[in-house]
Amino acid sequence: MAFEKVSVVGLGYIGLPTAAVIASRGIEVIGIDVSEKAVETINQGKVHIVEPDLDMVVQAAVTMGKLRASLTPEPADAFMIAVPTPFKDGHKPDLSFIQKAAQAIAPVLEKGNLVILESTSPVGATEKLSKWLQELRPELHFPGQTSQEPDMFVAHCPERVLPGRVLEELVSNDRIIGGMSDKCAQKAIELYKTFVRGECISTNARTAEMAKLTENSFRDVNIAFANELSIICDEQKINVWELIALANRHPRVNILSPGPGVGGHCIAVDPWFIVDSAPESARIIRTAREINDSKPQYVINKVEAAADEFKRPVIACMGLAFKPDIDDLRESPALDITCQLADMNVGEILAVEPNIQQLPESLTGKNVELVSLSEALDRANVLLVLVDHKPFKALNINDVNTKVVVDTRGLFAHM
């Protein structure tokens, strides 16, 4: 069947770009979100998140009447769920957002509908989604839940895009389509082929879930190696950035860059899903997570030592986002470090984040001031480089040679 109307549940960093791209293909898209502000903003043809060119795509889709947002689900041919999957205490996966999404769409589901879980999820989450929907709509037949021939289609297709390049990668990247059955996978591929130029590769739902977790755990393990190496090099009085550049000249070596930790809603979270499902076996994955989770405290200790050199330390925390040139603060080690420094009263804290207009809630009411880069350079005596945003990369040694610099990104490593 042709997909005439698609519903995207969750209009965040993945859901909104996905909805806009599908709408740009001439398909009617209804986006669902719990945030009234997000819904109102989108319906005005504007965006509530920072992503290159997204504002233009959303404006065009809304103007053409192909995209609109709502607080309330309505019938559609396909439903794509793109809600958060954080973890609870003890690094246990929190599937409550997925369950709430299921409860929201269940009343409007119709026979023959396709339901796709895009949220990064622990193995078995898609099966739970199908089970929840079956319980909510017992007169329908969901795959894996009944002995009768299913009349609904359920699949898992994890997003695998890079913030800052989401629109491009939504279209160009290969997609893993994990169906609850072969028919479910084929139905999902029909939808993705409307906007994906990359290859759509069919597998089962559990393998698709594990594939996304594996991709992010691979990255996490390799970042942990770089972060551990940076600590060792500090102890040995070696420039880790020079060392990595030299080692990477080997044709089969590709060491990643160290940093203040690991952030974002994927790499900092997803490996714990594997550890939770296989606590005795996931030894390297667990250790890598522990190394990366401990790096912020190592950075804080270095800043404390730098602040001790001044009677009235003024510390400029350069960057709050979890990666360069975006406004995404989720699981950001830079934000975490800034919060902890403010709580410790080690000095006056200046936050420099060119991609936001106001301090996040976690920093409001604390001894933190959001300032421009030029003001930070005027006032600070300690510079803590946490994110390598483009404006920071444009600095030269003369801009910082009167400061004590704690550089977690290698911005000044070769100056």
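Quick note, the sequence shown lines up with residues 73 to 487 if you use my numbering.
Here a beta-carbon is modelled for each residue, glycine too, at the ideal position from N, C-alpha and C.
Segments of 3+ residues assigned as beta strand (DSSP E) that fall wholly inside the stretch 118-149: 139-142
Would you mind stating whether Ala423 and Leu435 have Cβ atoms separated by less than 9 Å? Yes, they are a contact pair.
Between Asp408 and the rest of its own chain, which residues show a CB-CB distance below 6 Å, the 5 nearest in sequence each way excluded? Pro368
Best match in Asn373, Pro396, Asp450 and Pro426 for proximity to Met416 [C-alpha to C-alpha]: Asn373
Looking at the unbroken alpha helix (DSSP H) that takes in Glu420, where does it start and where does it end? Element bounds for Glu420: not the alpha helix (DSSP H) but the beta strand (DSSP E), Glu420 to Val424.
So, for Gln131: in the same chain, excluding its five sequence neighbours on each side, which residues have a beta-carbon less than 8 Å away from its beta-carbon? These residues qualify, in order along the chain: Gly117 and Lys118.
Ala378 versus Asn473: straight-line alpha-carbon distance, rounded: Cα to Cα, Ala378 sits roughly 15 Å from Asn473.
If you compare alpha carbons, which of Asp450, Val81, Phe159 and Leu392 is closest to Glu433? Leu392
Taking C-alpha atoms, which residue in Asp105, Leu186 and Val334 lies nearest to Phe169? Looking at the Cα atoms, Asp105 is the closest of the given residues.
For the candidate residues Val347, Glu447, Glu207 and Ala176, whose alpha-carbon lies nearest to that of Val195? Of the listed residues, the one whose Cα sits closest to Val195 is Val347.
Taking all protein chains shown into account, do 16 or more other C-beta atoms lie within 10 angstroms of the C-beta of Thr144, making it buried, or fewer, making it exposed? Counting of Cβ neighbours within 10 angstroms places Thr144 among the exposed residues, the total staying below 16.
Along the chain, where does the beta strand (DSSP E) containing Lys77 start, and where does it finish? Start and end: Lys77 to Val81.
What are the boundary residues of the alpha helix (DSSP H) that includes Val187? Where Val187 is concerned, there is no enclosing alpha helix (DSSP H), although the beta strand (DSSP E) it sits in stretches over Leu186 to Leu189.
If you reduce the DSSP assignment to three classes, tell me which class His163 lands in. helix
Counting only runs of 4+ residues fully inside the stretch 228-276, write out the alpha helix (DSSP H) ranges in chain order. 238-244 and 254-264
Evaluate the contact criterion for the stretch 326-333 versus the stretch 287-302: three or more CB pairs, one atom per stretch, below 8 Å. yes
Beta-carbon gap between Ala174 and Leu201 smaller than 9 Å: Taking C-beta atoms as the reference points, Ala174 and Leu201 count as a pair closer than 9 Å.
Once you ignore the five residues that flank His120 on each side, which residues in its own chain have a CB closer than 6 Å to its CB? Ala110 and Thr113
Asp400 and Gly336 look like a contact to me (Cβ under 8 Å); what is the Cβ gap, rounded to whole Å? With a Cβ gap of about 7 Å, Asp400 and Gly336 count as contacting.
So the alpha helix (DSSP H) Ile170 belongs to, where does it begin and stop? Ser168 to Ile177
Do Thr275 and Ala257 have their C-beta atoms closer together than 9 Å? Their beta carbons are under 9 Å apart, which means Thr275 touches Ala257 by this criterion.
Would DSSP call Asp105 helix, strand or coil? Coil at Asp105, not helix or strand.
Which residues does DSSP pair with Ala340 in a beta bridge? Paired residues: none, contrary to the question.
Give the straight-line distance between the Cα atoms of Val418 and Phe382, rounded to the nearest whole angstrom. A straight-line Cα-Cα distance of about 10 Å links Val418 and Phe382.
In this structure, does DSSP put Ile387 in helix, strand or coil? strand
Mind checking which residues open and close the alpha helix (DSSP H) that includes Glu376? Arg355 to Ala379
What is the DSSP secondary structure of Val312, counted as helix, strand or coil? helix
Quick one: residues in its chain with C-beta nearer than 7 Å to the C-beta of Glu108, no 5 flanking neighbours on either side, listed in chain order? Here the set comprises Leu143.
Tell me where the alpha helix (DSSP H) around Glu199 begins and ends. Ala197 to Leu208
Are the stretch 145-155 and the stretch 84-92 touching, with three or more C-beta to C-beta distances below 8 Å? yes
6 Å Cβ shell around Leu263 - same chain, five flanking residues per side excluded: Phe75 and Ala150
CA nearest to the CA of Ala39, picked from Ala277, Leu234, Pro165 and Thr480: Here the chain comprises residues numbered 73 to 487, so residue 39 is not present and cannot be evaluated.
Is any heavy atom in the ligand HEM found nearer than 8 Å to the beta carbon of Met136? Because no ligand of any kind appears in the structure shown, any question about the ligand HEM cannot be addressed here.
Hey, quick one: how far does the beta strand (DSSP E) through Val334 stretch, first residue to last? Looking at the DSSP string, Val334 is not in any beta strand (DSSP E), and its letter there is neither H nor E.
Residues of its chain near Val341, where Cβ-Cβ distance is below 7 Å and the 5 sequence neighbours each way are ignored: Excluding residues within five positions, the ones whose Cβ falls inside 7 Å are Pro158, Phe159 and Glu403.
Does Leu401 have its Cβ less than 9 Å from a Cβ in chain D? Looking at the structure shown, chain D is missing, and only one protein chain is on hand.
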